[in-house]
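Peer 1: Please see the structure below; I have some questions.
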Amino acid sequence: MSAQNNKAQNEWPLWEVFIRSKAGLDHKHAGSLHAADAQMAIENARDVYTRRMEGVSIWVVESKYIHASNPDDAASFYEPANDKIYRHPTFYNLPDELTHM
Amino acid sequence: MPMTAQSFEQHFQDKIDNEITIEPRDWMPDDYRKTLIRQISQHAHSEIVGMLPEGNWITRAPSLRRKAVLLAKVQDEGGHGLYLYSAAETLGITRDEMLAQLHSGKAKYSSIFNYPTLTWADMGAVGWLVDGAAIMNQVPLCRTSYGPYARAMVRVCKEESFHQRQGFEIMMRLAEGTEVQKKMAQDALNRWWWPSIMMFGPKDDDSAHSAQSMAWRIKRFSNDELRQKFIDVTVEQAKLIGLTIPDPDLKWNEEKGHYDFGEINWDEFWNVVKGNGPCNKERLTARQNAWNNGAWVREAALAYSEKRKQRAEKQAVDAA
């Protein structure tokens with residue numbers, strides 16, 4: 001529905017914005033904005049999401065290219081991880097005298 | 102085990118009751134979605150329309166510092182509008198649809214912005230009282246049940262505190278200035294006090310949407326609770342700078358531990374909500390003009406980006 005309205009009314013496409021706030025950290029999702037193309041999206045993201053020096057790097061992705069898992073399937077989708085408690089360090093019963101491990 | 106309509110509702114309410122945040126692709130009742138679209142989009146419209154009464158004084162700020170600060174505040178409000186439109190768009194409405202609702206008069210925005218800013222002191226009163234009331238409302242919204250709205254509010258609240266401080270500072274400087282300056286500050290307070298406490302909405306008993314909003318944890322505190330808290334803290338702030346709240350019935354109630362205050366003019370409240378405030382027409386016209394007069398910019402940007410894309414493709418072909 002939205003994609004067709006988009007073309008019909010010449011609406012600028014929607015972009016998701018990710019910002020790395022400081023070297024060493026991941027890019028984090030900051031929000032979205034409308035822009036005519038990638039260059040404009042980055043400039044707008046800088047204007048709106050980094051007014052207080054919150055970013056050293058900006059990624060923009062057209063929202064239509066984000067693919068997401070289905071939350072309704074969460075139970076079965078993540079089920080394999082649910083009973084593998086041996087992935088956690090606390091599963092292993094080791095003597096207290098043991099150090100550096 | 103097949104999920105019935107009833108069990109979807111129950112599962113949803115269980116999440117709400119357990120403070121589990123609802124995210125965009127989660128199942129939600131139609132009315133929850135509709136209510137949020139209405140509330141978030143109207144909140145966004147309020148930010149954008151809110152740029153107008155303060156934008157009015159940018160060219161007439163009394164010093165360069167005050168001009169730069171006011172510009173920064175108004176820029177922030179534009180940004181807040183964006184965060185909120187973005188949050189609303191996750192619920193299935195487009196930006197163009199929301200703007201069409203605003204421009205047609207179908208969507209509302211906060212009534213406070215239908216009052217005029219008549220003097221420089223109004224910049225002080227607006228920052229101190231209007232942003233102050235907004236903060237009182239927005240801090241609890243940082244824990245609202247819908248994820249994108251809550252996260253937008255966290256960002257907004259971080260930026261909002263400088264807004265209130267700059268407003269109070271303006272009032273403080275005027276109140277300790279010449280007789281004319283002090284009078285201008287008091288006059289602004291006289292005009293903005295009652296509209297500011299009206300920002301918290303009708304009394305709880307007269308508020309139709311509140312009960313369902315609270316059950317869904319969209320709203321965390323009642324109108325009356327927030328209004329009382331705002332009055333209690335603001336009265337003390339006014340005392341500090343020697344200004345008088347224009348309410349003869351304002352009185353500390355030792356038993357309740359709160360200030361008793363006078364009756365709000367509910368006729369004025371509903372009249373402004375209905376569209377008969379001093380600046381309703383002016384505000385809406387300004388937004389309609391901005392949209393219509395900016396059409397060529399939107400079209401040109403799309404045309405230019407298409408041109409840029411074709412040029413890049415041609416260069417790639419030529420280089421190959």
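For the protein sequence lines, the chains are A and B, in the order given.
So the first sequence is numbered by our numbering: it starts at 1 and just counts up by one.
So the second sequence is numbered by our numbering: it starts at 102 and just counts up by one.
Backbone N, C-alpha and C define an ideal beta-carbon position, used for all residues, glycine too.
Closer than 9 Å, Cβ to any Cβ of chain A: which residues of the segment 111-145 of chain B, in chain order?
Peer 2: Listed in sequence order: Glu124, Pro125, Arg126, Asp127 and Trp128.
Peer 1: Please classify tryptophan 221/B: does DSSP put it in a helix, a strand, or coil?
Peer 2: Coil, per DSSP.
Peer 1: Note down, in chain order, each residue of its chain lying with its Cβ closer than 6 Å to the Cβ of lysine 283/B, except the 5 sequence neighbours on either side.
Peer 2: These residues qualify, in order along the chain: Ala276.
Peer 1: What are the residues of the segment 171-192 of chain B that lie near chain A, defined by any Cβ-Cβ distance shorter than 9 Å?
Peer 2: So the list reads Ala173, Gln176, Asp177, Gly179, Gly180, Leu183, Tyr184, Tyr186, Ser187, Ala188, Glu190 and Thr191, given in the order they occur along the chain.
Peer 1: To the nearest angstrom, how far is it from the Cα of alanine 289/B to the Cα of valine 336/B?
Peer 2: Taking the straight line from one Cα to the other gives about 15 Å.
Peer 1: Would you say leucine 25/A faces chain B, with C-beta separation under 8 Å as the test?
Peer 2: No, leucine 25/A does not count as interfacial toward chain B.
Peer 1: Check each candidate in Ala188/B, Ala309/B, Gly206/B and Glu198/B and name the one with the smallest Cα separation from valine 255/B.
Peer 2: The shortest Cα separation from valine 255/B among Ala188/B, Ala309/B, Gly206/B and Glu198/B belongs to Ala188/B.
Peer 1: Would isoleucine 58/A and isoleucine 19/A be called neighbours here (beta carbons separated by less than 8 Å)?
Peer 2: It is a contact, given that the beta carbons lie within the stated cut-off.
Peer 1: Count the CB pairs spanning the segment 160-179 of chain B and the segment 241-255 of chain B that are closer than 8 Å, and state whether there are at least three.
Peer 2: Segments in contact, no.
Peer 1: Shorter than 8 Å from the beta carbon of leucine 341/B to some beta carbon of chain A?
Peer 2: Closer than 8 Å: no.
Peer 1: Taking a cut of 9 Å between CB atoms, which residues from the segment 50-79 of chain A lie near chain B?
Peer 2: Within the segment 50-79 of chain A, the qualifying residues are Arg51, Arg52, Ser63, Ala68, Ser69, Asn70, Pro71 and Asp72.
Peer 1: Exposed or buried, isoleucine 346/B, counting other C-beta atoms within 10 Å across all chains shown (16 or more means buried)?
Peer 2: With 16 or more Cβ atoms within 10 Å of its Cβ, isoleucine 346/B is classed as buried.
Peer 1: Closer than 7 Å between beta carbons: that is the criterion. Which residues of the segment 27-42 of chain A meet it against chain B?
Peer 2: Listed by position along the chain: Gly31, Ser32, Leu33, His34, Ala36, Asp37 and Met40.
Peer 1: Under 8 Å Cβ-Cβ, which residues of chain D neighbour tryptophan 12/A?
Peer 2: Of the protein chains in this structure, namely A and B, none is chain D.
Peer 1: Quickly, what does DSSP pair leucine 33/A with across the bridge? List them, please.
Peer 2: According to DSSP, leucine 33/A bridges with Trp15/A.
Peer 1: With a threshold of 8 Å on Cβ separation, who are the neighbours of glycine 363/B within its own chain once the five nearest residues in sequence on each side are excluded?
Peer 2: Here the set comprises Asp348, Pro349, Asp350 and Leu351.
Peer 1: Leaving aside the five residues before and after serine 211/B along the sequence, list all residues of the same chain whose C-beta is less than 6 Å from its C-beta, in chain order.
Peer 2: So the list reads Ser147, once near-sequence residues are dropped.
Peer 1: Grab me the residues of leucine 185/B's own chain with a C-beta within less than 6 Å of its C-beta, minus the 5 sequence neighbours each way, in chain order.
Peer 2: Around leucine 185/B: Ile141, His144, Ala145 and Ala253.
Peer 1: Any idea if asparagine 394/B is buried or exposed, counting beta-carbon neighbours within 10 angstroms, 16 or more meaning buried?
Peer 2: It is exposed - the Cβ of asparagine 394/B has fewer than 16 other Cβ atoms within 10 Å.
Peer 1: Examine chain A for any beta-carbon lying closer than 8 Å to the beta-carbon of serine 147/B, and answer yes or no.
Peer 2: Not an interface residue.
Peer 1: Please name the residue in Asp361/B, Ile298/B, Ser311/B and Glu414/B whose C-alpha comes closest to that of isoleucine 213/B.
Peer 2: Per the Cα distances, Ile298/B.
Peer 1: Should asparagine 390/B go down as buried or exposed, given a rule of 16 or more other Cβ atoms within 10 Å for buried?
Peer 2: So asparagine 390/B counts as exposed.
Peer 1: Measure the beta-carbon distance from histidine 264/B to arginine 388/B and round it to whole angstroms, keeping in mind my assumption that it falls under 8 Å.
Peer 2: At roughly 21 Å, the Cβ-Cβ gap does not stay under 8 Å, so histidine 264/B and arginine 388/B are not in contact.
Peer 1: Going by beta carbon distance, what residues of the same chain come within less than 7 Å of glutamate 120/B, once the five residues before and after it are set aside?
Peer 2: Cβ neighbours of glutamate 120/B beyond the five flanking positions: none.
Peer 1: Where does methionine 40/A land, buried or exposed, given buried means 16+ other C-beta within 10 angstroms?
Peer 2: Under this definition methionine 40/A is a buried residue.
Peer 1: Could you tell me which chain A residues have their CB closer than 8 Å to the CB of serine 108/B, listed as they occur along the chain?
Peer 2: Under the 8 Å cutoff, chain A gives no residues; its nearest Cβ is about 13 Å from serine 108/B.
Peer 1: Among the candidates Asp333/B, Val373/B, Glu124/B and Cys380/B, whose CA atom is the shortest distance from the CA of aspartate 72/A?
Peer 2: Among Asp333/B, Val373/B, Glu124/B and Cys380/B, the Cα nearest to that of aspartate 72/A is on Glu124/B.
Peer 1: What separation, rounded to the nearest whole angstrom, lies between the Cα atoms of glycine 180/B and tyrosine 49/A?
Peer 2: Each residue's alpha carbon lies about 8 Å from the other.
Peer 1: Per DSSP, which one or two residues make a beta bridge with alanine 58/A?
Peer 2: Looking at the sequence provided, one finds isoleucine at residue 58/A rather than alanine. Isoleucine 58/A is bridged to Ile19/A.
Peer 1: Contact between the segment 298-307 of chain B and the segment 226-237 of chain B: three or more CB pairs below 8 Å?
Peer 2: Yes, the segment 298-307 of chain B touches the segment 226-237 of chain B.
Peer 1: Output the distance between the C-alpha atoms of serine 25/A and histidine 359/B, rounded to the nearest integer angstrom.
Peer 2: For the sequence presented, residue 25/A should be read as leucine rather than serine. Taking the straight line from one Cα to the other gives about 46 Å.
Peer 1: In terms of DSSP beta bridges, what is histidine 359/B paired with?
Peer 2: In the DSSP output, where bridge partners are listed per residue, histidine 359/B has Asn354/B.
Peer 1: Do phenylalanine 269/B and tryptophan 294/B have their C-beta atoms within less than 8 Å of each other?
Peer 2: In this structure, tryptophan 294/B does not lie closer than 8 Å to phenylalanine 269/B by Cβ.
Peer 1: Determine, for arginine 409/B, whether the minimum Cβ-Cβ distance to residues of chain A falls below 8 Å.
Peer 2: Yes - at least one Cβ of chain A is within 8 Å of the one on arginine 409/B.
Peer 1: Given this structure, state the Cα-to-Cα distance separating isoleucine 117/B from tryptophan 317/B, to the nearest angstrom.
Peer 2: Spanning the two alpha carbons is a distance of roughly 6 Å.
Peer 1: Could you check whether valine 17/A and valine 60/A sit closer than 8 Å to each other, using their CB atoms as the reference points?
Peer 2: In this structure, valine 17/A lies closer than 8 Å to valine 60/A by Cβ.
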